[in-house]
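Colleague:
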Amino acid sequence: MTEAFQPNLDFTAAEQVDAREAFVVDLDGYEGPLHVLLALARTQKVDLLKLSITRLAEQYLAFVHEARRRNFSLAADYLVMASWLAYLKSRLLLPRTEKGKGGEMPAEEMAAALAFRLQKLEAMRKAVEAITARPQLKRDVFARGDPQATVIVPSDRIDASLYELMAAYVTQRRREEQRHYNPGQRVEAFALEAARDWLREVLPRLEQWTSLEQVAPARRGEDGPTQASFTASTLSASLELVKEGAMDVKQAEAFAELYLKRRGRGRGRGQVLELVP
Amino acid sequence: MMGIQFAPDHGEIERRVEALLFAAAGPLSAAEIARRLPEGADVGGAISALRERYQGRGVELECVADRWQFRTAADLSFLMTEEREEPRRLSKAALETLAIIAYHQPCTRAEVESVRGVSLSRGTLDLLLEMGFVRLRGRRRSPGRPVTYGTADKFLEHFGLSNLYDLPGVQEMKAAGLLDLSIPVGFELPDPSRAPDGDDEPLLPGDEDAPEFAQDFVAED
Amino acid sequence: MMGIQFAPDHGEIERRVEALLFAAAGPLSAAEIARRLPEGADVGGAISALRERYQGRGVELECVADRWQFRTAADLSFLMTEEREEPRRLSKAALETLAIIAYHQPCTRAEVESVRGVSLSRGTLDLLLEMGFVRLRGRRRSPGRPVTYGTADKFLEHFGLSNLYDLPGVQEMKAAGLLDLSIPVGFELPDPSRAPDGDDEPLLPGDEDAPEFAQDFVAED
């Protein structure tokens, strides 16, 4: 805290700074609006307690403006913060005699509360710096390195945390579930042989181009193979028949409907994709 | 006189050798030590000085096969063996058993085994009972009248819970990243604080030793 | 005069404590050391004497998490290239979260989020829990009964802190009111990221968890 306090407040320097230039839009380093506000507040170069919230609001709005100008897509919280700060700023600029609406907190208190939050965040920032600057085990300081030399195992504490307990529990339950995993009924398929027989049966009647959907057997009831299986197996079987020279298949384009027709009379014309042996 | 001392003095070399020997995973030769020190450092002198410094202390600097190592004084070996057996970490099996008992209490040994999918070795439950984490709660009113287990006060104390209601729930498991956003189907967390105690018969004094397989023909159901 | 000396003198106790601490796999508490020594042995005195003896040496006696451990001197870290383990890098978010938990414990996830002004992303808290730096402490007696978090001993051990009092700047921050979690009444900063699940409610006056930060120190030894 004491580091943040500067006895000689250089207001002139702060006034000269154009917020738009002083703050380069770089969201990568910031977690959220509060972090941006803290970074902006530092550019004022004053103790956070003496922060000008009006000025901070202007800086922040300039930051948002700049981000938008550069087509940065700002997360919603940044925009909500912007509108809140704009509102706070306008209230701060109102003559004091003007009372806020019933029950609303005086603008000065809201400003003070914001300054408090920034101070708190800054204190935590400094705490991170102070903690990580300490000598860390296995990085800066080392305990006895020889594992075979350690005979005394501390016994008056048990290394089991609630987290480990939770983790152990969840692992168990997952494993239990996998053991009891029941894949359910085997999916029944429309057998290829059955599809071939079916096609041979209907083939004599396929004198016109008929769509695959119409050729494939229709599913009856809830039991048995699915409609997709009927369609897929019928297609496979039809390709075999094409290979045998018993029928033709055509499709206008990829993913378009497939048409089947027996080989022989009445062959259609036109530029179509045809499977001809 | 130089303002900055470029060559570390004897005392500093001794400190460094001391730290290196302490942190090393095994005995170090003088050459190995020298390699980590400024050129020309008097490693032999530092080792002699350290040897003398630790002479008669609880820890001594010993030479084994031309390598140097700190060892606890031989006459204190009697201190070192004691209590080695005491558990420091809960074994995986113990932790898992404890977790199931905590969330599913009162539950029987068979129920723990059914969740874990392996049979429980005798020592695991005994250990938890002995540590005071687990206690016998009663007997299940079901054939065989198996003993049911629950957690004891020491469990709450160790994990800093004021009561069973405070056990982390599904929300916390999710927050801790243990459960995916998609909770496995059928994952229900029992609420151990609302465990139906009526399900169980209280243990009678002296009942604890009764063999679990004893059939109770007067059982209600 | 007896041929056998039954009560070891100060020097002998110091030797034994030195040997025990050298041979230990982790930090030892005074109580653990005392258990291995004759009754009435002045463990505290021996520790102080050892601390002084090792002062400024290559190896020093440090107090971490209210326990004692020999560690190499911090200024010699440059020597330890072979022993060094590259620590898992914690993100800025994780470090901030750790600091907030350390200085405000016990505190809830919502409180961490409120200090940082952003919601905690998945993985941040899990990592800290998994690394053993943070532990679940209990539940806040407030609507929603949110789980509270605190630091674990491993945090203190890793950063070489003897206890939570030792956290850098903790006294000054406390004096400045910066460790107060209750933000001035009625102050609502817009926070769309916060889940509206009642976590947000201010703590009730006289919340029993509130003084826990202070209580912690008293309770932990």
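Chains as they are written, first to last, in our numbering: chain A, 1 to 277; chain B, 1001 to 1221; chain C, 2001 to 2221.
Just so it is clear, CB atoms sit at the ideal spot from N, CA and C, and this is done for glycine as well.
In the DSSP assignment, find the unbroken alpha helix (DSSP H) run with L162/A in it and report its ends.
Modeller: For the purposes of this step, residue 162/A is taken as residue 162 along the first sequence, with counting starting at 1. Start and end: 162-179.
Colleague: Closest Cβ-Cβ distance between V170/A and chain C: below 7 Å?
Modeller: To locate residue 170/A, count along the first sequence from 1; it is residue 170. No, because no Cβ of chain C sits closer than 7 Å to the Cβ of V170/A.
Colleague: Between which two residues does the alpha helix (DSSP H) carrying V1112/B extend?
Modeller: The residue given as residue 1112/B occupies position 112 in the second sequence. Residues 1109-1116.
Colleague: Using a Cβ-Cβ cut-off of 7 Å, state whether L1189/B counts as contacting chain C.
Modeller: Position 189 of the second sequence, counted from the start, is the residue given in the question as residue 1189/B. No, L1189/B does not count as interfacial toward chain C.
Colleague: Report yes if the C-beta distance between F2159/C and R134/A is below 7 Å; otherwise report no.
Modeller: Position 159 of the third sequence holds residue 2159/C. Position 134 of the first sequence holds residue 134/A. Yes.
Colleague: Could you give the first and the last residue of the continuous beta strand (DSSP E) run that contains G2150/C?
Modeller: What you label residue 2150/C is simply residue 150 of the third sequence in a count that begins at 1. Start and end: 2147-2151.
Colleague: By the DSSP assignment, the alpha helix (DSSP H) with A243/A in it spans what residues?
Modeller: Position 243 of the first sequence holds residue 243/A. This sequence places Lys at residue 243/A; Ala is not what is there. It spans 227-244 - the alpha helix (DSSP H) in which K243/A sits, taken as one unbroken run.
Colleague: According to DSSP, M247/A sits in a beta bridge with which residue or residues?
Modeller: Residue mapping note: residue 247/A aligns to position 247 of the first sequence, counting from 1. Note: M247/A sits in a beta bridge opposite R262/A.
Colleague: Would DSSP call R1051/B helix, strand or coil?
Modeller: Start at 1 with the first residue of the second sequence, and residue 1051/B comes out as number 51. R1051/B falls in the helix class under three-state DSSP.
Colleague: Around the C-beta of A82/A, are 16 or more other C-beta atoms found within 10 angstroms, so that it is buried, or is it exposed?
Modeller: Here residue 82/A corresponds to residue number 82 of the first sequence, with the count starting at 1. Buried is the call here.
Colleague: Of all the residues that make up the stretch 1007-1033 of chain B, which are near chain C by a beta-carbon distance shorter than 8 Å?
Modeller: Taking 8 Å as the upper bound on Cβ-Cβ separation, chain C lies near residues E1014, R1015, R1016, V1017, E1018, A1019, L1020, F1022, A1023, A1024, A1025 of the stretch 1007-1033 of chain B.
Colleague: So, helix, strand or coil for G1044/B, using DSSP?
Modeller: Start at 1 with the first residue of the second sequence, and residue 1044/B comes out as number 44. Residue state, collapsed to three classes: helix.
Colleague: DSSP three-state call for L51/A: helix, strand or coil?
Modeller: For the purposes of this step, residue 51/A is taken as the residue at position 51 of the first sequence. Note: L51/A maps to coil in three-state DSSP.
Colleague: Between the alpha carbons of C2107/C and I2101/C, how many angstroms are there, rounded?
Modeller: The sequence position of residue 2107/C within the third sequence is 107, counting from 1. The sequence position of residue 2101/C within the third sequence is 101, counting from 1. Taking the straight line joining both Cα atoms gives about 6 Å.
Colleague: If you count every other CB in all the chains shown that lies within 10 Å of the CB of Y2165/C, and 16 or more means buried, which is it?
Modeller: Against the third sequence, residue 2165/C aligns to sequence position 165. That one is exposed.
Colleague: Identify which residue in K45/A, T210/A, A218/A has its Cα closest to the Cα of D248/A.
Modeller: Taking the first sequence and counting its residues from 1, the one referred to as residue 248/A is at position 248. Nearest option by C-alpha distance: T210/A.
Colleague: Measure the alpha-carbon distance for G1144/B versus V1115/B and round it to whole angstroms.
Modeller: For the purposes of this step, residue 1144/B is taken as the residue at position 144 of the second sequence. For the purposes of this step, residue 1115/B is taken as the residue at position 115 of the second sequence. Taking the straight line joining both Cα atoms gives about 20 Å.
Colleague: Please list, in chain order, the residues of the stretch 128-152 of chain A that have any C-beta partner in chain C closer than 7 Å.
Modeller: Cβ proximity to chain C below 7 Å picks out V128, A130, I131, T132, R134, P135, Q136, L137, K138, R139, D140, V141, F142, A143, R144, G145, A149, T150, V151, I152 from the stretch 128-152 of chain A.
Colleague: Please list, in chain order, all residues of the same chain as I2013/C whose beta carbon is under 7 Å from its beta carbon, the five residues on each side excluded.
Modeller: Working through the third sequence from its first residue, we reach residue 2013/C at position 13. L2037, A2041, D2042, A2046.
Colleague: What residue from A127/A, P225/A, L74/A, A62/A has the CA that sits closest to D2170/C's CA?
Modeller: In the third sequence, counting from the first residue as 1, residue 2170/C sits at position 170. It is Val, not Asp, that sits at residue 2170/C in the sequence shown. Among A127/A, P225/A, L74/A, A62/A, the Cα nearest to that of V2170/C belongs to A127/A.
Colleague: Give me the chain C residues within the contact set of A1176/B, using Cβ-Cβ distance strictly less than 7 Å, ordered along the chain.
Modeller: Your numbering for residue 1176/B matches position 176 in the second sequence. Correct list: L2125, D2126, L2129.
Colleague: Would you call the CB atoms of G2138/C and T2148/C closer than 7 Å?
Modeller: Working through the third sequence from its first residue, we reach residue 2138/C at position 138. Working through the third sequence from its first residue, we reach residue 2148/C at position 148. Contact: yes.
Colleague: Using a Cβ-Cβ cutoff of 8 Å, what residues of the stretch 2156-2167 of chain C are near chain A? List them in chain order.
Modeller: Look at the stretch 2156-2167 of chain C: the residues with a C-beta under 8 Å from a C-beta of chain A are E2157, H2158, F2159, G2160, L2161, L2167.
Colleague: Answer with yes or no whether the minimum CB distance from G1226/B to chain A is below 7 Å.
Modeller: Shown here, chain B extends from 1001 to 1221; a query on residue 1226/B therefore has no answer.
Colleague: Tell me which residues share the same chain as L2120/C and place their Cβ nearer than 7 Å to its Cβ, disregarding the 5 neighbours each side in the sequence.
Modeller: In the third sequence, residue 2120/C corresponds to position 120, counting from 1. Cβ neighbours of L2120/C beyond the five flanking positions: T2097, R2109, V2112, E2113.
Colleague: State buried or exposed for V2017/C, treating a residue as buried only when at least 16 other CB atoms are found within 10 Å of its CB.
Modeller: The residue you call residue 2017/C lines up with position 17 of the third sequence. Buried.
Colleague: Is it buried or exposed for P2146/C, if we count other Cβ within 10 angstroms and need 16 for buried?
Modeller: Counted from its first residue, the third sequence places residue 2146/C at position 146. Under this definition P2146/C is a buried residue.
Colleague: Rounded to whole angstroms, what is the Cα-Cα separation between F116/A and E122/A?
Modeller: In the first sequence, counting from the first residue as 1, residue 116/A sits at position 116. In the first sequence, counting from the first residue as 1, residue 122/A sits at position 122. Spanning the two alpha carbons is a distance of roughly 10 Å.
Colleague: For the ligand ZN, is there a heavy atom less than 6 Å away from the beta-carbon of D1166/B?
Modeller: Only the bare structure without any ligand can be found here, which leaves the ligand ZN out of the picture.
Colleague: Given that L2061/C touches chain A, what residues does it touch there, using C-beta distances under 9 Å?
Modeller: Here residue 2061/C refers to the residue found at position 61 of the third sequence. The contacting residues do not exist; L2061/C stays about 12 Å from chain A at best.
Colleague: In the DSSP assignment, find the beta strand (DSSP E) that holds G2138/C and state where it starts and stops.
Modeller: The residue you call residue 2138/C lines up with position 138 of the third sequence. Note, G2138/C: beta strand (DSSP E), 2134-2139.
Colleague: According to DSSP, which residues form a beta bridge with F1070/B?
Modeller: Your numbering for residue 1070/B matches position 70 in the second sequence. L1061/B.
Colleague: Output yes if chain B places a C-beta closer than 7 Å to the C-beta of A19/A; else output no.
Modeller: The count along the first sequence starts at 1 and reaches residue 19/A at position 19. Residue placement at A19/A cannot be trusted, given a pLDDT of 44 that sits under 50; the coordinates are not used to answer.
Colleague: Considering only the alpha carbon of each residue, which of S2029/C, L2090/C, A2019/C, P2027/C lies closest to L2129/C?
Modeller: Within the third sequence, residue 2129/C is the residue found at index 129, counting from 1. The shortest C-alpha separation from L2129/C is found at L2090/C.
Colleague: Considering Cα atoms alone, identify which of L2181/C, A2065/C, S2142/C is closest to A2030/C.
Modeller: The residue given as residue 2030/C occupies position 30 in the third sequence. Of L2181/C, A2065/C, S2142/C, the residue nearest in Cα terms is A2065/C.
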